[in-house]
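Chains as they are written, first to last, in this note's numbering: chain A, 111 to 626; chain B, 359 to 691.
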């Protein structure tokens, strides 16, 4: 930076935080000057959320210094941070669902008149303060949350993916209001995956990678590439793809898709999603956090119903009212969070046996002899280390994940949806899981795989679809797709390095063009 | 105020406010209606049921109604307190024992002392829940035995006495004989404690913590303190219940009545969400009247006592089910 020492509003140095064995932040630093909009960037899991939580007092750091306006602070709670002039607007609105808006304002001691002023500035004119928060739409709640934060005139306001889930007109107003901070004595810490927003309103960007601050970039036209490079670092090539599958993919293209969607929609989170998943392929889903992949997987697994569009299984229209319907149709789900799938206090065998005893709706006796046999086989095939098998919670994360897969493999699955199945799993087990997915595909199953670790797309997938802002914006051949390409695609940046927000109607055309 | 809000005249605003109030309290209002239907039904099956009957009802529900208010406070904050019955027994014997043979003035001091005791008992419950992180249901179940044991240590058998002015305060009627004093006292006491509390930031925090703990924490609410205060307030109402028990029976009883579980039933019937964050304290009070009147009616109908208990349970489930169905339909729209 310049030689002149610039006064800083918020200065945090060497912040570290570990959760058990997982290091969330190694050595993160950030420096926010008055009157700037400062972007905080990083790939999934780089530690952005943890850093924000620490700065707002929701989480205590293991080490590090936080200085606000020249004074060292130790913030113990969001209430503390708020009194110190640091306010955060989270992705999940922090309004109390059962209270009306007026009571919510009272709770945070927000003055009503400035609140109304900012609400108007943000484009929400009429709001009845007696409405209960639970009954308002998400977009309105986020705007209320922001107006509430602005109304108490904090020194620093932190916005976590503020424009996500907002319709375009509201998002524009938000960016406009945020941009006005420039030149005042306040500042904004802006977290967004949308490069175009960063380019439009931010002055500088701090980039985190694997819990460390790896660079501070002055944002100007063209600096997007530099940011992506920083986020990426040196690609670690420890894992190798063990076979090439172009031949299989070619074969798959000619068949009826095992699973297909047409214009699937869900609120503002998912819009016009169409894709095909063929037997024998592993289809990757490339997306930053919160681009609609959660909703997509929930719908496919029968845990949620779409607002519109169609779902086809083996060419026939299907509708899943319950996960049991999906399982009956051969569509099974492996979640990132093992706790969602497993009975942690029960044994490995009970966990593997569970879905099938439940599926037949038979509450009668279980044929233990056949069951033992198939379970034993599944344990063998997946190389589950079941020494601590009496209680699944004693197994390592990787082995737990194998148990969730084993329960489906045992029944001869046809379509498997894997949502970030290797989250928090060691590299050896990861490799085993990817090998397993490839083997499943080789035996004719169809696998849909979302992973938050982009480099794994190349290892496990045949091709990948890219989701951005609730839509499928691109399709990529996974073989040879390096992390940089995928990261650029996930940020919806074209080859020229410029961010692009595709217009609504030309969307399909653009996607087709990209495919060609 | 935004310009749009200013355009709305005060007249319309008042009407809107009234409508909003009605909508918010729809469940309680419906329950009051149900209570009147029950009264009418009682008159039909027992024409001799009159003001004296209503007075008897009012006196008999007084302790349970206060227990229900106590339970409602804790449940609104997202917890549950199984030791309410025991706290009532303890405060009842303490007050009856201290008042025995002493002056009226001294009795007043005793009442205040016992209320402070109740606050302390509740605060202990709350502090244990917050500090140990043991589930509230386990902590308060344990405290049920602790407070019940303490009550038996104070007095191993029923005895002691209540000051005459206390008995006069709850027995009989006020002005006209259909308004029982016990109910007036009940509503006054609850209103004096609850209404200022409900309008304070602490009251708001209580609902916030019960509704969504994480959001409350992020809004700057001190979650632990709020919970402790909720339990302490419940202790205060339990102490009021214990004093009411002493006043209405004239003695202190060390063995807790079935107040804890009945209080949960009344709270549910009164429209408080067991998940926390929703409801008030007046609904549960009406709920107590409904539960008690149903019981009375069954005596009039000479239904076998055991069957009467079963019927009471069925009615409870039916009423709550109807309520949830209405709620679900409203949410769908």
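For glycine and all other residues, C-beta sits at the position ideal for the given N, C-alpha and C.
Along chain B, which residues have their Cβ under 8 Å away from the Cβ of residue i?
{"i": "residue 213 of chain A", "result": "562 and 565"}
{"i": "residue 381 of chain A", "result": "Chain B residues near residue 381 of chain A: none, gap ~23 Å exceeds 8 Å."}
{"i": "residue 188 of chain A", "result": "575, 576, 577 and 578"}
{"i": "residue 168 of chain A", "result": "575 and 576"}
{"i": "residue 240 of chain A", "result": "374, 375 and 378"}
Taking the C-alpha atoms as reference points, what is the distance between residue i and residue j?
{"i": "residue 403 of chain A", "j": "residue 175 of chain A", "result": "37 Å"}
{"i": "residue 127 of chain A", "j": "residue 171 of chain A", "result": "5 Å"}
{"i": "residue 399 of chain B", "j": "residue 412 of chain B", "result": "14 Å"}
{"i": "residue 197 of chain A", "j": "residue 421 of chain A", "result": "42 Å"}
{"i": "residue 655 of chain B", "j": "residue 393 of chain B", "result": "12 Å"}
{"i": "residue 450 of chain B", "j": "residue 570 of chain B", "result": "35 Å"}
{"i": "residue 646 of chain B", "j": "residue 576 of chain B", "result": "36 Å"}
{"i": "residue 569 of chain A", "j": "residue 589 of chain A", "result": "8 Å"}
{"i": "residue 462 of chain B", "j": "residue 453 of chain B", "result": "13 Å"}
{"i": "residue 221 of chain A", "j": "residue 631 of chain B", "result": "30 Å"}
{"i": "residue 260 of chain A", "j": "residue 418 of chain B", "result": "53 Å"}
{"i": "residue 179 of chain A", "j": "residue 283 of chain A", "result": "29 Å"}
{"i": "residue 484 of chain A", "j": "residue 443 of chain A", "result": "20 Å"}
{"i": "residue 551 of chain B", "j": "residue 562 of chain B", "result": "15 Å"}
{"i": "residue 355 of chain A", "j": "residue 413 of chain A", "result": "The predicted position of residue 355 of chain A is uncertain, since its pLDDT is 48 and thus under 50; a value taken from the coordinates is nonetheless stated next. Looking at the two C-alpha atoms, the distance is approximately 32 Å."}
{"i": "residue 478 of chain B", "j": "residue 528 of chain B", "result": "26 Å"}
{"i": "residue 226 of chain A", "j": "residue 257 of chain A", "result": "8 Å"}
With a Cβ-Cβ cutoff of 8 Å, do residue i and residue j count as a contact?
{"i": "residue 600 of chain B", "j": "residue 447 of chain B", "result": "yes"}
{"i": "residue 369 of chain A", "j": "residue 441 of chain A", "result": "yes"}
{"i": "residue 539 of chain A", "j": "residue 519 of chain A", "result": "no"}
{"i": "residue 464 of chain A", "j": "residue 513 of chain A", "result": "no"}
{"i": "residue 546 of chain A", "j": "residue 567 of chain A", "result": "no"}
{"i": "residue 300 of chain A", "j": "residue 434 of chain A", "result": "no"}
{"i": "residue 345 of chain B", "j": "residue 384 of chain B", "result": "The requested residue 345 of chain B does not occur in the structure, where chain B is confined to residues 359 to 691."}
{"i": "residue 234 of chain A", "j": "residue 397 of chain A", "result": "no"}
{"i": "residue 376 of chain B", "j": "residue 625 of chain B", "result": "no"}
{"i": "residue 167 of chain A", "j": "residue 188 of chain A", "result": "yes"}
{"i": "residue 587 of chain B", "j": "residue 560 of chain B", "result": "yes"}
{"i": "residue 635 of chain B", "j": "residue 208 of chain A", "result": "yes"}
{"i": "residue 559 of chain A", "j": "residue 393 of chain A", "result": "yes"}
{"i": "residue 340 of chain A", "j": "residue 314 of chain A", "result": "no"}
{"i": "residue 145 of chain A", "j": "residue 294 of chain A", "result": "yes"}
{"i": "residue 538 of chain B", "j": "residue 416 of chain B", "result": "yes"}
Give the interface partners of residue i over in chain A, defined as CB-CB distance under 8 Å, in chain order.
{"i": "residue 496 of chain B", "result": "Simply none; closest approach about 17 Å."}
Using alpha carbons as the reference points, say which of the options lies closest to residue i.
{"i": "residue 445 of chain B", "options": "B:460, B:678, B:481 and B:584", "result": "B:481"}
{"i": "residue 505 of chain A", "options": "A:382, A:449 and A:247", "result": "A:449"}
{"i": "residue 446 of chain A", "options": "A:551, A:511 and A:582", "result": "A:511"}
{"i": "residue 140 of chain A", "options": "A:129, A:164, A:153 and A:133", "result": "A:164"}
{"i": "residue 424 of chain A", "options": "A:555, A:146 and A:481", "result": "A:555"}
{"i": "residue 500 of chain A", "options": "A:285, A:455 and A:526", "result": "A:455"}
{"i": "residue 439 of chain B", "options": "B:671, B:573, B:548 and B:503", "result": "B:503"}
{"i": "residue 496 of chain B", "options": "B:674, B:415, B:543 and B:437", "result": "B:437"}
{"i": "residue 273 of chain A", "options": "A:305, A:294 and A:243", "result": "A:305"}
{"i": "residue 544 of chain B", "options": "B:669, B:672, B:430 and B:423", "result": "B:423"}
{"i": "residue 684 of chain B", "options": "B:473, B:391 and B:629", "result": "B:629"}
{"i": "residue 480 of chain A", "options": "A:459, A:494 and A:495", "result": "A:459"}
{"i": "residue 120 of chain A", "options": "A:457, A:287, A:583 and A:298", "result": "A:298"}
Check the Cβ-Cβ distances between residue i and every residue of chain B, and say whether any is below 8 Å.
{"i": "residue 194 of chain A", "result": "no"}
{"i": "residue 650 of chain A", "result": "Given that chain A is displayed from residue 111 to residue 626, the structure contains no residue 650 of chain A and the question cannot be resolved."}
{"i": "residue 411 of chain A", "result": "no"}
Residue i CB to nearest chain A CB: under 8 Å?
{"i": "residue 574 of chain B", "result": "yes"}
{"i": "residue 578 of chain B", "result": "yes"}
{"i": "residue 569 of chain B", "result": "yes"}
{"i": "residue 378 of chain B", "result": "yes"}
Residues of chain A with a CB under 9 Å from the CB of residue i: which are they?
{"i": "residue 635 of chain B", "result": "206, 207, 208 and 209"}
{"i": "residue 559 of chain B", "result": "216, 217 and 219"}
Do residue i and the ligand ATP come close, with the Cβ less than 7 Å from some heavy atom?
{"i": "residue 343 of chain A", "result": "Within the structure as shown, the ligand ATP is missing, as the structure has no ligands at all."}
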